[in-house]
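From first to last, the protein sequence lines stand for chains A and B. Per my numbering, the first sequence starts with residue 150, numbered consecutively. Per my numbering, the second sequence starts with residue 150, numbered consecutively. Heads up, the beta-carbon is just placed ideally off N, CA and C, and yes, glycines get one too. Just so you know, these numbers come straight off a predicted model, no measurement behind them. Here is the structure we will look at.
Number of protein chains: 2
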Amino acid sequence: LVVAQPLAPRKRPGGRSTRVRRAVFDATLELLADGGLASLSIEAIADRAGVNKTTIYRNWPTKTALLLAASEDRSERQIVVKQTGHVERDIIAFLDSIAANITSPLGRALVIATMEPAGRGATAKEAFWTHRFKAAEGLIRSALTPGASKEDVDAFTERLIGPVYLRVFVTGKGVDGRYIQRLVRTALATAR
Amino acid sequence: LVVAQPLAPRKRPGGRSTRVRRAVFDATLELLADGGLASLSIEAIADRAGVNKTTIYRNWPTKTALLLAASEDRSERQIVVKQTGHVERDIIAFLDSIAANITSPLGRALVIATMEPAGRGATAKEAFWTHRFKAAEGLIRSALTPGASKEDVDAFTERLIGPVYLRVFVTGKGVDGRYIQRLVRTALATAR
């Protein structure tokens, strides 16, 4: 099994490691959806995925690391980062997909489950967010002055997604299409 | 005891209801700090505060409502909403105090503890945030065009505090004085 870096998957479709990853991630998300974080154990995940516990521990040393890897895998499929040439529309589609993800019961549970990292979990969390910001970097750059620093790119990304996460997880106000449009237009007005 | 609306305290310093509120809030925060949300029960709070359980249930019908009331009381004392005539400096002081609050162990625990409201908790959460935004409204208005709508005021507040909450609770990046200065300057550049 060659999945040494959980957050940097070497995809070999159909290979054994791909099948193991798929089975483990699916089991993790299903168990989280069913019983929440409290009932989520590596033992139960291994059991449902049909793999050895040691296989899981070898690849994802902490529960937080495993949750983040499963979350990363899910985000790669669900978060829309397309560049069609229409920046405003593309960024709205990006934020819409983020809102849909974190307001779904499973997406919400995943964010909350990884909110208190300790020990090695913090490193996995940092890697997760580095990857997520990197995935959106090209899209965000298309809204900014050419040659913007990485710090500017990240700060702009945070100004877009910060209010969405705030509403969904903290104030509980939720977001709709109109809110996201306003947020994106205000941000874009100041982007260049 | 006349504390019918937990989030809209009628303060009568030295009165019995004030003493009960103080004792209950202190007990709630101490127990949360000691043992986390899992070990926080109305029974334990009543015990430590030296009041009857029914007194607590009558005033704060759910644990979330009580946590939010204690959090509101704490925020009123810790969040800096001063208008000195220097808008940028005032808003930086406001955000600095928010960052200090939510990065402290107790502040962090309070936000996370109220993150999953269910049933009546959602109403208390809405009331809590309505009050918090209202407390900052004058300060935020001082940065905006005169006559800005309440929606604009709230959206501006969210663009300020959203990235701070995102970093502290979601991406785990944390915030420092420099980050907050940049955030405030960017927001102010587009405020009018």
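Item, Value
"Return no unless some Cβ of chain B is closer than 8 Å to the Cβ of residue 341 (chain A).", "no"
"Quick check: what's the CA-CA separation for residue 319 (chain B) versus residue 264 (chain A)?", "6 Å"
"To be precise: take each residue of the segment 326–337 of chain B, compare its Cβ to all Cβ atoms of chain A, and keep it if any distance is under 9 Å. Which residues remain?", "328, 331, 332, 335 and 336"
"Is the beta carbon of residue 219 (chain B) sitting closer than 8 Å to the one on residue 174 (chain B)?", "yes"
"Taking all protein chains shown into account, decide if residue 221 (chain A) is buried (16 or more other Cβ within 10 angstroms of its Cβ) or exposed.", "buried"
"Beta-carbon within less than 7 Å of residue 285 (chain B)'s beta-carbon, same chain only, minus the 5 sequence neighbours each way: which residues are those?", "230, 243 and 306"
"Grouping DSSP H, G and I as helix and E and B as strand, with all else coil, what is residue 295 (chain B)?", "coil"
"Let me know the alpha helix (DSSP H) ranges lying completely inside the segment 235–270 of chain B, each 4 residues or longer, listed in chain order.", "236–252 and 254–262"
"Can you tell me whether residue 153 (chain A) is helix, strand or coil according to DSSP?", "With a pLDDT of only 42 at residue 153 (chain A), under the threshold of 50, the placement of this residue in the model should not be trusted; the figure read from the coordinates follows. Reduced to three states, the DSSP call for residue 153 (chain A) is coil."
"Show which residues of chain A have a CB atom less than 8 Å away from the CB atom of residue 286 (chain B).", "Residues of chain A passing the Cβ test: none, with the nearest at roughly 15 Å."
"Per DSSP, what kind of secondary structure is residue 233 (chain B) in: helix, strand or coil?", "coil"
"What distance in whole Å lies between the Cβ atoms of residue 208 (chain A) and residue 228 (chain A), which are believed to be in contact at a cut-off of 8 Å?", "Wrong, their Cβ atoms sit about 23 Å apart, outside the cutoff."
"Please tell me whether residue 308 (chain B) and residue 341 (chain A) are closer than 8 Å, where the distance is taken between their beta carbons.", "no"
"Does any heavy atom of the ligand SAH sit closer than 7 Å to the C-beta of residue 244 (chain A)?", "Although the ligand SAH was asked about, the structure shown includes no ligands whatsoever."
"According to DSSP, simplified to helix, strand and coil, what is residue 213 (chain A)?", "helix"
"Our contact map puts residue 182 (chain A) next to residue 254 (chain A) with C-beta atoms below 8 Å; I'd like the distance itself, whole angstroms only.", "7 Å"
"Where does residue 189 (chain B) fall in DSSP's three states?", "coil"
"Would residue 204 (chain A) and residue 169 (chain A) be called neighbours here (beta carbons separated by less than 8 Å)?", "yes"
"With respect to the alpha helix (DSSP H) encompassing residue 183 (chain B), which residues constitute its N-terminal and C-terminal limits?", "165–184"
"Are the C-beta of residue 168 (chain A) and some C-beta of chain B separated by less than 8 Å?", "no"
"Out of B:287, B:275 and B:282, which one is the CA nearest neighbour of residue 310 (chain B)?", "B:282"
"Does the beta-carbon of residue 239 (chain A) have 16 or more other beta-carbons within 10 angstroms, so that it is buried, or is it exposed?", "buried"
"I want to see whether chain A comes within less than 8 Å of residue 278 (chain B), judged by CB atoms only; does it?", "yes"
"Are the Cβ atoms of residue 178 (chain B) and residue 223 (chain B) separated by less than 8 Å?", "yes"
"Suppose contacts are defined by Cβ-Cβ distances below 8 Å. Is residue 329 (chain B) in contact with residue 245 (chain B) by that definition?", "yes"
"Using a Cβ cut-off of 8 Å, which residues of the segment 302–317 of chain A contact any Cβ in chain B, in chain order?", "304, 307, 308, 310, 311, 312, 313, 314, 315 and 316"
"Please return the same chain residues whose Cβ sits closer than 8 Å to the Cβ of residue 316 (chain A), not counting the five positions on each side in sequence.", "322, 323, 324 and 328"
"Taking only the alpha-carbon atoms, compute the straight-line gap between residue 271 (chain B) and residue 279 (chain B) and give it to the nearest angstrom.", "12 Å"
"Within the 8 Å Cβ cut-off, does residue 261 (chain A) reach chain B?", "yes"
"Interface residues of chain A around residue 321 (chain B) at Cβ under 8 Å?", "266, 271, 274, 275 and 278"
"Please report the distance separating the alpha-carbon of residue 198 (chain A) from that of residue 260 (chain B).", "34 Å"
"Could you compute how far the alpha carbon of residue 293 (chain A) sits from the alpha carbon of residue 257 (chain A)?", "30 Å"
"How close, in whole Å, do the beta carbons of residue 335 (chain B) and residue 335 (chain A) come, if the pair is a contact with beta carbons under 8 Å?", "Going by Cβ atoms, the distance from residue 335 (chain B) to residue 335 (chain A) rounds to 11 Å, so no, they are not a contact pair."
"Quick one: grab the DSSP three-state call for residue 339 (chain B).", "coil"
"Counting along the chain, where does the alpha helix (DSSP H) carrying residue 208 (chain B) start and finish?", "202–208"
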